[in-house]
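So the numbering used here is basically just the index in the sequence shown, starting at one, shifted up by 4.
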Amino acid sequence: MMRPVRLAGEQLIWGEGCLSHLATLEGKKAAIVLGGHSMQKAGFVDKAVEYLHQAGMEVVIFEGVEPDPHLSTVKRGAEFMLKEQPDWIIGMGGGSTMDAAKCMWVFYEHPELKKLSDFMRPNKVPPLRKKAKYCCIPSTSGTASEVSRSIVISDDETGAKIGIGDMEMMPDVAICDPLITSTMPRHITAQTGMDALTHAIEALTSTRAHFLSDVLATYAAKEIFEYLPKAYADGSDLNYREHMLNASMTAGLAFTNVSLGLVHSFAQTLGGMYVLPHGLGDAIILPYIVKFNYADPHAKAVYDKLAAEVGVDDLAKAITELNEKLGIPKTVAEALDTTEEEYMGRLSEIAIGALNDGCTKTAPIIPPQDVMEQLAKQIYLGE
Ligand SMILES: [Fe+2]
Numbered sequence: 005m006m007r008p009v010r011l012a013g014e015q016l017i018w019g020e021g022c023l024s025h026l027a028t029l030e031g032k033k034a035a036i037v038l039g040g041h042s043m044q045k046a047g048f049v050d051k052a053v054e055y056l057h058q059a060g061m062e063v064v065i066f067e068g069v070e071p072d073p074h075l076s077t078v079k080r081g082a083e084f085m086l087k088e089q090p091d092w093i094i095g096m097g098g099g100s101t102m103d104a105a106k107c108m109w110v111f112y113e114h115p116e117l118k119k120l121s122d123f124m125r126p127n128k129v130p131p132l133r134k135k136a137k138y139c140c141i142p143s144t145s146g147t148a149s150e151v152s153r154s155i156v157i158s159d160d161e162t163g164a165k166i167g168i169g170d171m172e173m174m175p176d177v178a179i180c181d182p183l184i185t186s187t188m189p190r191h192i193t194a195q196t197g198m199d200a201l202t203h204a205i206e207a208l209t210s211t212r213a214h215f216l217s218d219v220l221a222t223y224a225a226k227e228i229f230e231y232l233p234k235a236y237a238d239g240s241d242l243n244y245r246e247h248m249l250n251a252s253m254t255a256g257l258a259f260t261n262v263s264l265g266l267v268h269s270f271a272q273t274l275g276g277m278y279v280l281p282h283g284l285g286d287a288i289i290l291p292y293i294v295k296f297n298y299a300d301p302h303a304k305a306v307y308d309k310l311a312a313e314v315g316v317d318d319l320a321k322a323i324t325e326l327n328e329k330l331g332i333p334k335t336v337a338e339a340l341d342t343t344e345e346e347y348m349g350r351l352s353e354i355a356i357g358a359l360n361d362g363c364t365k366t367a368p369i370i371p372p373q374d375v376m377e378q379l380a381k382q383i384y385l386g387e
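See the structure below:
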């Protein structure tokens, strides 16, 4: 049975300069959560603080969220929130920062929760928004955490990436200002853009896909095929940046409702075992899984339809060509800092991890473990 659709939180705003929307928020105190220093260096944090002051709010800042954020960082952030008592939490940065801030929000609202498993299935995220609302300001065009119900947080001891999805965690406000993405370095533009394309393509073949997710995901995929190479070649062009940020957000609206597939299952599993940025993993793995899914007649029809709309003959080939333009390697072997022997010794671990990933549930084909191992081998070695 179809699940009810949820498109973003209370407010979704986009376009150049829309950061100023912060000045309209109502509250007493905002806590801005940041990753590295790029947002400060570009002057975006000062601007955000200025707008929040215009809104009459006091502003405090929690910084230092690392890529692939750890639960310990999230817990430190939640302690900070408990001390500062903000009524707005504002995650400003890439997917890691927005996910970490989203998770800080959950622990801040409910200090009785101690571990991620306390609000993972079969448990639920308890009602939020008794203390604060959550606002996202993305600095990349990829994860779409600003319009998603999901977080991915790393376990401190094992490094395993734990994904949790619950509509209660949908950010209340998403501010998608292309200016904020304009200083993104080229390789991040490429990797996060391919994450967004993977969201669109996996949403299209999700077993939960419906007409509205199809409309959103098709639009996003077409836009990304056109504008990602342009934004990669000239990141200073705000028009390209705006198309990419809006496409990423649109793909997010689709996938957060219908979920994803095996590309994310493998990328998340490998990302927990090795150092592999999420978007880079998606980009490398995507053409292999598209080819694999050709065996499913419905998935093949979906891919062929999208290929026709994009104006290419073969979707998998078009993705490989796009990766080449973006300087993305062809195999996982080229991206991982490990030996072939070590990787091949862990094939069953990779296959089982990917099979157990939540994204596998909606894949058009759910293969048995031996086939998953073959796929794990193929993405490492290439054709
Ligand atoms: Fe993703």
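Ideal Cβ positions, reconstructed from N, Cα and C, are used throughout, including at glycine. Please read all numbers here as calculations on a predicted model, not as lab measurements.
Along the alpha helix (DSSP H) that carries residue i, what are the first and last residues, could you check?
i	result
residue 304	301 to 314
residue 198	190 to 209
residue 96	Element bounds for residue 96: not the alpha helix (DSSP H) but the beta strand (DSSP E), 92 to 97.
residue 256	242 to 262
residue 294	282 to 297
For ligand 3, is there any heavy atom lying closer than 6 Å to the beta carbon of residue i?
i	result
residue 91	Ligand 3 is not part of the structure shown, which contains ligand 1 as its ligands.
What residue range does the beta strand (DSSP E) around residue i cover?
i	result
residue 142	137 to 142
residue 145	Run containing residue 145: none; DSSP gives neither H nor E here.
Pick helix, strand or coil for residue i, following the three-state DSSP scheme.
i	result
residue 275	helix
residue 3	Missing from the structure shown is residue 3; the chain here goes from 5 to 387 and no further.
residue 165	strand
residue 178	strand
residue 156	strand
residue 173	helix
residue 87	helix
residue 186	coil
residue 110	helix
residue 103	helix
residue 150	helix
residue 385	helix
residue 132	coil
Using a beta-carbon distance below 7 Å, is residue i in contact with chain B?
i	result
residue 22	Absent from the structure is chain B; it holds one protein chain and no more.
Between residue i and residue j, which are expected to be in contact by the criterion C-beta below 8 Å, what is the C-beta distance as a whole number of angstroms?
i	j	result
residue 143	residue 96	7 Å
residue 368	residue 209	5 Å
residue 376	residue 359	6 Å
residue 319	residue 294	6 Å
residue 285	residue 274	6 Å
residue 55	residue 82	About 25 Å; that fails the 8 Å criterion.
residue 101	residue 39	4 Å
Exercise for review: Indicate whether the contact test is met: 3 or more Cβ pairs, each with one atom in the segment 158 to 165 and one in the segment 181 to 199, closer than 8 Å.
Suggested key: no
Practice item. Tell me, please, whether the segment 304 to 312 touches the segment 202 to 221 by the rule of three or more beta-carbon pairs shorter than 8 Å. Key: yes
Check your understanding: Curious, which full-length alpha helix (DSSP H) runs of at least 4 residues does the segment 6 to 81 contain?
Key -> 42 to 45, 48 to 58
Check your understanding: Which runs of the alpha helix (DSSP H) fall wholly inside the segment 322 to 381 and span at least 4 residues, in chain order?
Key -> 344 to 348, 351 to 360
Review point. Does the segment 125 to 132 touch the segment 228 to 237, meaning 3 or more C-beta pairs lie closer than 8 Å?
Key: no
Practice item. Mind listing, in chain order, the continuous alpha helix (DSSP H) runs of no fewer than 4 residues lying wholly within the segment 212 to 238? Key: 215 to 237
Point to revise | Three-pair Cβ contact test at 8 Å for the segment 100 to 113 versus the segment 53 to 65 | key: no
Review point. Would you say the segment 15 to 35 touches the segment 78 to 98, given that touching needs at least three Cβ pairs under 8 Å?
Key: yes
Point to revise | Three CB pairs or more closer than 8 Å across the segment 234 to 241 and the segment 184 to 194 | key: yes
**Study point:** At least 3 beta-carbon pairs within less than 8 Å: the segment 334 to 352 vs the segment 249 to 258
**Key:** no
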